[in-house]
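Under our numbering, think of the first position of the sequence shown as 5, with each following residue one higher.
C-beta: ideal position from N, C-alpha, C; glycine also.
Here is the structure we will look at.
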Amino acid sequence: MTLNIGVIGTGAIGREHIRRCSQVLQNARVVALNDIDRRQCEEVAAALQLQAEIYDSAHDLINAPDVQAVLVTSWGPTHEEFVLAAIKAGKAVFCEKPLAVTAQGCMNIVEAEMAGGKKRVQVGFMRPYDSGYRALKQVLESGEIGTPLMLHCAHRNPEVGDSYTTDMAITDTLIHELDVLRWLLNDDYVSAQVIWPRKTRHASSHLKDPQIVLLETAQGTRIDVEIFVNCQYGYDIQCEVVGESGIARLPEPMAVQTRSNAALSVAILTDWKKRFIDAYDVELQAFINNVLADELTGPSAWDGYAAAVAADACVAAQKSGDIVQITMPPRPAFYQ
Ligand code: NAP
5 MTLNIGVIGT
15 GAIGREHIRR
25 CSQVLQNARV
35 VALNDIDRRQ
45 CEEVAAALQL
55 QAEIYDSAHD
65 LINAPDVQAV
75 LVTSWGPTHE
85 EFVLAAIKAG
95 KAVFCEKPLA
105 VTAQGCMNIV
115 EAEMAGGKKR
125 VQVGFMRPYD
135 SGYRALKQVL
145 ESGEIGTPLM
155 LHCAHRNPEV
165 GDSYTTDMAI
175 TDTLIHELDV
185 LRWLLNDDYV
195 SAQVIWPRKT
205 RHASSHLKDP
215 QIVLLETAQG
225 TRIDVEIFVN
235 CQYGYDIQCE
245 VVGESGIARL
255 PEPMAVQTRS
265 NAALSVAILT
275 DWKKRFIDAY
285 DVELQAFINN
295 VLADELTGPS
305 AWDGYAAAVA
315 ADACVAAQKS
325 GDIVQITMPP
335 RPAFYQ
């Protein structure tokens, strides 16, 4: 069986996912493309030699009879509209993060999905598909290091463009930690605080960088995440879990160790696309397989909502300097 996919948004990650679905993954083909800029679709179709119909309207793509599943990789503020339309059309939809730009927008999707009586949405949180995070979760669940008490994490990028703003450190960057740490600990957040170290001279005048986000979970685990998006040296994701009887660390990406010029060294990645490249393959293959098996199991609309609720609290904490409470409604049985 082959899943016919329509893709809305042929920018950076859209192109990557189109390449994946048409050249790397099994049992899928891209049959339809849409972008606000039609020329981008034509370029992508030509570059990847795709036999895909190009639609001027995203809604026409969603409703096309031969499109069985929709990939939403357009600009974040468009996601809610397209995901709701896919649910209404009765089609499975993989939506890149954020599911919606507000928690209320995510809740609108949760409610529409529950009203339809069937899970149709997977959110593009790929870290739970990363082999390193999976291995770390296995260690935690084995009980080897005891109950997790503290997590020390870092999300560092070499640099960001001028359009990157202080709140994007939460909504674009920390959002991945907000999802994966909740998954790792099987816990929800109850409070957030943001504290500000000395600012790097490499940040633009309107960006506060670095920042440290302090989170507390319902079970009392304390998490600190350093977000440093102009760290210069590389794209570096760190996660250390301190348990009652030991410590477990996220493995470093595989890299050859060299001894030369009187130095022992291991290269550090600089491009975020390469850090989770395998995880992107695994998450999309899981989506394809699960749609074909008629049972979605990946990061759900509820997970997208939970990340958005926590992100809103972190942005409020950035602005106020206060410890902000995070209140999640009980998880509906539909998402257990
Ligand atoms: P991008 O390069 O700007 O691509 C977005 C594309 O969507 C652009 O081609 C844009 O056209 C198009 N678009 C905007 N509004 C549209 C509309 N109404 N209908 C159809 N197409 C529209 O951005 P990106 O980096 O690919 O990011 C896309 C999404 O993926 C974002 O939500 C981002 O947060 C997410 N993302 C996730 C990851 C991850 O690690 N999971 C990584 C990267 C990005 P114009 O250029 O003409 O505006």
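Among the options, which residue has its Cα nearest to the Cα of residue i?
i: A207; options: D285, D240, D183 and S167; result: S167
i: L254; options: A266, L178, M172 and L144; result: L144
i: L178; options: P152, F232, E46 and I330; result: F232
i: T175; options: V313, I17 and T331; result: V313
i: R138; options: A311, A310 and V286; result: V286
i: Q53; options: S26, T77 and K277; result: S26
i: E20; options: V97, L185 and L75; result: L75
i: W79; options: V105, R33, T151 and D307; result: V105
i: V319; options: N112, I292, A173 and G150; result: A173
i: T204; options: D213, V127 and Q197; result: D213
i: A271; options: F291, Y239, I330 and F280; result: Y239
i: E230; options: I199, Q329 and Y133; result: I199
i: D307; options: F129, R24, Y284 and Q55; result: F129
i: K122; options: K92, D134 and C99; result: K92
i: G302; options: S269, P336 and W187; result: W187
i: D326; options: Y339, S195, A267 and W276; result: S195
i: N161; options: A337, G136, C235 and L300; result: C235
i: G136; options: D282, Q340, A337 and A310; result: D282
i: L273; options: A16, V260, A50 and V127; result: V260
If contacts are defined as beta-carbon pairs under 8 Å, then residue i and residue j qualify, I think. What distance do you get, rounded to the angstrom?
i: K95; j: A73; result: 6 Å
i: C243; j: L182; result: Between L182 and C243 the Cβ distance is about 13 Å, and since that is not below 8 Å, they are no contact.
i: I44; j: T14; result: The amino acid at residue 44 is misidentified as Ile; the sequence shows Gln. At roughly 5 Å, the Cβ-Cβ gap stays under 8 Å, so Q44 and T14 are in contact.
i: L65; j: I12; result: 6 Å
i: A32; j: V71; result: Incorrect: roughly 12 Å between the Cβ atoms, too far for contact.
i: L153; j: G247; result: 6 Å
i: L288; j: R23; result: Contact doesn't hold; Cβ gap of about 11 Å is too wide.
i: I58; j: E46; result: 7 Å
i: A310; j: M332; result: 6 Å
i: V97; j: V125; result: 6 Å
Count the other CB atoms, across all protein chains shown, that sit within 10 Å of the CB of residue i; report buried if there are 16 or more and exposed otherwise.
i: Y237; result: exposed
i: H210; result: exposed
i: T6; result: exposed
i: N38; result: buried
i: E2; result: The structure shown does not extend to residue 2, since the chain spans only 5 to 340, so no value can be given for it.
i: N190; result: exposed
i: I251; result: exposed
i: K278; result: exposed
i: S304; result: buried
i: P334; result: exposed
i: I292; result: buried
i: T221; result: buried
i: R202; result: exposed
i: R263; result: exposed
i: M258; result: exposed
i: A56; result: buried
i: P69; result: exposed
Could you give the first and the last residue of the continuous alpha helix (DSSP H) run that contains residue i?
i: I243; result: Residue 243 is actually Cys in this sequence, not Ile. It is not in any alpha helix (DSSP H) - C243 instead sits in the beta strand (DSSP E) that spans D240 to G247.
i: E85; result: H83 to K92
i: Q322; result: A305 to S324
i: C110; result: A107 to G120
i: F291; result: I281 to L296
i: D64; result: A62 to N67
i: H180; result: I179 to L189
i: A49; result: R42 to A51
At what residues does the beta strand (DSSP E) containing residue i begin and finish?
i: S269; result: A267 to V270
i: G136; result: No beta strand (DSSP E) contains G136, which is instead part of the alpha helix (DSSP H) from S135 to S146.
i: C25; result: That residue, C25, is in no beta strand (DSSP E); it is neither H nor E in DSSP.
i: Y193; result: Y193 to I199
i: E57; result: E57 to Y59
i: N8; result: L7 to I12
i: G128; result: V125 to G128
i: T156; result: It should be noted that the sequence gives His, not Thr, for residue 156. Taken as a continuous stretch (DSSP letters only), the beta strand (DSSP E) holding H156 covers P152 to R160.
i: R228; result: Per the sequence presented here, residue 228 reads as Asp, with Arg not at that position. Here the beta strand (DSSP E) through D228 covers R226 to F232.
i: I216; result: Q215 to T221
i: R335; result: Counting along the chain, R335 falls outside any beta strand (DSSP E), and DSSP gives it neither H nor E.
i: V260; result: That residue, V260, is in no beta strand (DSSP E); it is neither H nor E in DSSP.
i: C99; result: A96 to E100
i: V71; result: Careful: V71 lies outside any beta strand (DSSP E) and carries neither H nor E.
i: L37; result: A32 to N38
i: I251; result: I251 to R253
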